[in-house]
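Enquirer: Protein sequence lines correspond, in order, to chains A and B.
Everything in the first sequence is counted per my numbering, starting at 1 for the first residue and increasing by one.
Everything in the second sequence is counted per my numbering, starting at 251 for the first residue and increasing by one.
Protein chains: 2
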Amino acid sequence: MKILIELAYDGSAYHGFQVQGDKPTVQKAVGDALFSLFGQRLSVSGCSRTDSGVHARQFFCTAEGALPESFPAERLPFAVRRYLPEDIVVLSSHWVPDSFHVRYDVLYKEYEYLILNRSISDPFLVKRAYLFPYPVDEGIMNEAAACFVGTHDFSAFRASGSGTEGSVRTIKYFSAQRRGDTVAIKVAADGFLYNMVRILCGTLLDVNSGVIRMDDIPGVIASCDRSRAGATLPAHGLYLNRVVYRQPVF
Amino acid sequence: MKILIELAYDGSAYHGFQVQGDKPTVQKAVGDALFSLFGQRLSVSGCSRTDSGVHARQFFCTAEGALPESFPAERLPFAVRRYLPEDIVVLSSHWVPDSFHVRYDVLYKEYEYLILNRSISDPFLVKRAYLFPYPVDEGIMNEAAACFVGTHDFSAFRASGSGTEGSVRTIKYFSAQRRGDTVAIKVAADGFLYNMVRILCGTLLDVNSGVIRMDDIPGVIASCDRSRAGATLPAHGLYLNRVVYRQPVF
């Protein structure tokens, strides 16, 4: 049996989820907290790597090791709290069978990219939204976003030089919604290539600004050419919002 | 002429607005930034003191000194930005006559107290909401809040030992609203005694929890006895939300 752990974190202070030597990462913080609680090192695996500065409203990881199966896993959020920094929170947890795989069993993930669309920063959104001071037309953004929905080879929307695995993914939905002076772009897919959400959202902004023509989007996708897609937006506007598994986990 | 400056700030890192020796305060940060911009010390006055850790979504201060009246004051937000820490933002600014007083000309101020009403913390509301894990009934909170609206002697709702100035204030409105797992309490008055909002909100929670009876509220107010009112809630849930002047300032 493994313990499945639902986390939320403000990624501002972390070099992403994955352990990278001695750098502060979420995986390291969670591993250290579990070590403090159980007195043994557990193997912690995450549902996704997230980049430095990316946030998560929902993130799953599993912990495995010689855990006493009598441990009431649903008490973990309260038991581990004192060992975690304030910017990482365990929302819930429970036992899952060894056959459960926190990464491969994901059906789809939803990311949100948050844009602060005004000329002046907001002290409550520092490192939590991307300040974009030019006009944003959600109508245009949504028309552009619709062109990406479905199954495509997203090679043009992957950080150049990254990975060699397959680049065909299926986007379930992709849309932008304004609330006051923020614009939240939500995108869900069965998987994402490296930097894909940040490049997709940069492409929407480039269509909004007229740098890329709406009519050219199918051609940009078909080209598989990174140089024809939009800019990679900064990490601090990005949130992993929701992770949905093939089987219900709670 | 003075420059009227509209600020917003995350107060987590500051010992309130008012200068206190060498401690980091918002007044000191703004004064230092204006000094860097203009090359001279200006006299900065605020619309309110705020306590250590209290936030402001809207706060006004004025800056006076030998300022060149040709300076386009409405450019200040952009000009001063590079000299301010990220958690303090100048939203707008313009020239006002010397007769304008940033504190005495306030008609009323609105504060918000933000409660996170769930059992587990939220990494995005650390130092920005008060975690209250017990049931909150907004109906009861609102019934209790209505008892305070109007003109009363609020001595029972002032930090004991604070100030000797008059303690009669007029509350314009006072109500609680739930959005998901947060409850926002808003209160507006022509002035507030020291810690008054935090004690009023603590009193609402004590009525909610049954520690203070609804019927006793008029008696608690009339007693002018601090010991009969509720607890002082922590500063980090409190926001100065809006400041309204006798005359329109923008």
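All residues carry an ideal CB built from backbone N, CA and C; glycine is no exception.
Since this is a predicted model, take the numbers as computed values, not measurements.
Strictly below 7 Å CB to CB, what residues from chain B border residue 91 of chain A?
Expert: Result: 370.
Enquirer: Taking one C-beta from the region 344 to 351 of chain B and one from the region 312 to 332 of chain B each time, how about it: are there three or more such pairs within less than 8 Å?
Expert: The region 344 to 351 of chain B, when compared against the region 312 to 332 of chain B, does touch it at the 8 Å Cβ threshold.
Enquirer: Along chain A, which residues have their Cβ under 8 Å away from the Cβ of residue 338 of chain B?
Expert: Chain A residues near residue 338 of chain B: 123.
Enquirer: Output needed for residue 236 of chain A: all residues of its chain with C-beta closer than 6 Å, excluding positions within five of it in sequence on either side, in chain order.
Expert: Closer than 6 Å at the Cβ level, and outside the excluded window around residue 236 of chain A, lie 53 and 127.
Enquirer: Residues of chain A with a CB under 7 Å from the CB of residue 259 of chain B: which are they?
Expert: Simply 123.
Enquirer: Using 9 Å as the limit for Cβ to Cβ distance, is residue 327 of chain B near chain A?
Expert: Yes - at least one Cβ of chain A is within 9 Å of the one on residue 327 of chain B.
Enquirer: With 9 Å set as the bound, which would you pick, yes or no: does the beta-carbon of residue 126 of chain A sit closer than that to a beta-carbon of chain B?
Expert: By this cut-off, residue 126 of chain A is an interface position.
Enquirer: Considering only residues of the same chain and omitting the five flanking positions on each side of residue 418 of chain B, which have a CB-CB separation below 8 Å?
Expert: So the qualifying residues of the chain are 401, 402, 403 and 404.
Enquirer: Using 8 Å as the threshold, is the region 117 to 134 of chain A in touch with the region 185 to 195 of chain A, meaning 3 or more CB pairs across them?
Expert: They do not touch, by the three-pair rule.
Enquirer: Are any of the Cβ atoms in chain B nearer than 9 Å to that of residue 55 of chain A?
Expert: Chain B, which has a Cβ nearer than 9 Å to the Cβ of residue 55 of chain A, makes this yes.
Enquirer: Assign residue 1 of chain A to buried or exposed, taking buried as 16 or more other Cβ atoms, counted over all protein chains shown, within 10 Å of its Cβ.
Expert: Result: exposed.
Enquirer: Could you spell out the range, first to last residue, of the alpha helix (DSSP H) harbouring residue 394 of chain B?
Expert: Looking at the DSSP string, the run of the alpha helix (DSSP H) that includes residue 394 of chain B is 388 to 396.
Enquirer: Can you give me the Cβ contacts of residue 454 of chain B inside the same chain, cut-off strictly under 8 Å, excluding the 5 residues immediately before and after it?
Expert: These residues qualify, in order along the chain: 391, 394, 395, 426, 435 and 480.
Enquirer: Which residue wins for smallest C-alpha separation from residue 10 of chain A, given the options A:45, A:180, A:240 and A:245?
Expert: Closest option to residue 10 of chain A, Cα to Cα, is A:240.
Enquirer: For chain B, is any of its Cβ atoms less than 9 Å away from the one on residue 81 of chain A?
Expert: With 9 Å as the cut-off, residue 81 of chain A counts as an interface residue toward chain B.
Enquirer: Per DSSP, which residues does residue 153 of chain A bridge with? Please list them.
Expert: Residue 153 of chain A is bridged to A:168.
Enquirer: Give me whichever residues DSSP pairs with residue 412 of chain B in a beta bridge.
Expert: According to DSSP, residue 412 of chain B bridges with nothing at all.
Enquirer: Expressed to the nearest angstrom, what Euclidean distance is found between the alpha-carbon atoms of residue 461 of chain B and residue 107 of chain A?
Expert: If I take the Cα positions, the gap works out to 48 Å.
Enquirer: DSSP has residue 264 of chain A in a bridge; who is on the other side?
Expert: Nothing about residue 264 of chain A can be read from this structure; chain A reaches only from 1 to 250.
Enquirer: Quick one: what's got a C-beta closer than 7 Å to residue 85 of chain A's C-beta in the same chain, skipping five residues either side?
Expert: Correct list, in chain order: 29.
Enquirer: Under the assumption that residue 300 of chain B contacts residue 321 of chain B (Cβ atoms under 8 Å), give the Cβ distance between them as a whole number of angstroms.
Expert: Their Cβ separation, rounded to whole angstroms, is 27 Å, which puts residue 300 of chain B and residue 321 of chain B out of contact at 8 Å.
Enquirer: By a C-beta neighbour count over all protein chains shown, 10 Å radius and 16 as the cutoff for buried, is residue 327 of chain B buried or exposed?
Expert: Buried, since its Cβ has 16 or more Cβ neighbours within 10 Å.
Enquirer: Buried or exposed: where does residue 69 of chain A fall if 16 or more other Cβ atoms within 10 Å of its Cβ makes it buried?
Expert: It is exposed - the Cβ of residue 69 of chain A has fewer than 16 other Cβ atoms within 10 Å.
Enquirer: By alpha-carbon positions, which one of A:220, A:92, A:195 and A:214 ends up nearest to residue 234 of chain A?
Expert: When only C-alpha atoms are compared, the closest one is A:195.
Enquirer: Cutting at 6 Å between CB atoms, please list the residues of its own chain near residue 41 of chain A, excluding the five before and the five after it.
Expert: Excluding positions up to five away in sequence, the list reads 35.
Enquirer: Express the C-alpha separation of residue 96 of chain A and residue 208 of chain A in angstroms, rounding to a whole number.
Expert: Going from the Cα of residue 208 of chain A to the Cα of residue 96 of chain A covers about 45 Å.
Enquirer: Can you give me the start and stop residues for the alpha helix (DSSP H) that residue 78 of chain A sits inside?
Expert: From DSSP, the alpha helix (DSSP H) with residue 78 of chain A extends over 76 to 80.
Enquirer: What did DSSP end up calling residue 429 of chain B once you bin it into helix, strand or coil?
Expert: Here residue 429 of chain B sits in strand by DSSP.
Enquirer: Cα-Cα, which of B:422, B:407, B:305 and B:317 is closest to residue 416 of chain B?
Expert: Residue B:407 is the option with its Cα nearest to residue 416 of chain B.
Enquirer: Could you spell out the range, first to last residue, of the alpha helix (DSSP H) harbouring residue 12 of chain A?
Expert: It is not in any alpha helix (DSSP H) - residue 12 of chain A carries neither H nor E in the DSSP assignment.
Enquirer: Checking 9 Å against the spacing of the C-beta atoms, do residue 424 of chain B and residue 382 of chain B come in under that value?
Expert: Taking 9 Å as the Cβ cut-off, residue 424 of chain B and residue 382 of chain B do not qualify as a contacting pair.
Enquirer: By alpha-carbon positions, which one of A:138, A:91 and A:26 ends up nearest to residue 183 of chain A?
Expert: Residue A:138 is the option with its Cα nearest to residue 183 of chain A.
Enquirer: Give me, in chain order, the residues of the same chain whose beta-carbon lies closer than 8 Å to that of residue 379 of chain B; leave out the 5 immediate sequence neighbours on both sides.
Expert: The answer, listed in chain order, is 364, 365, 366, 372, 432, 486 and 487.
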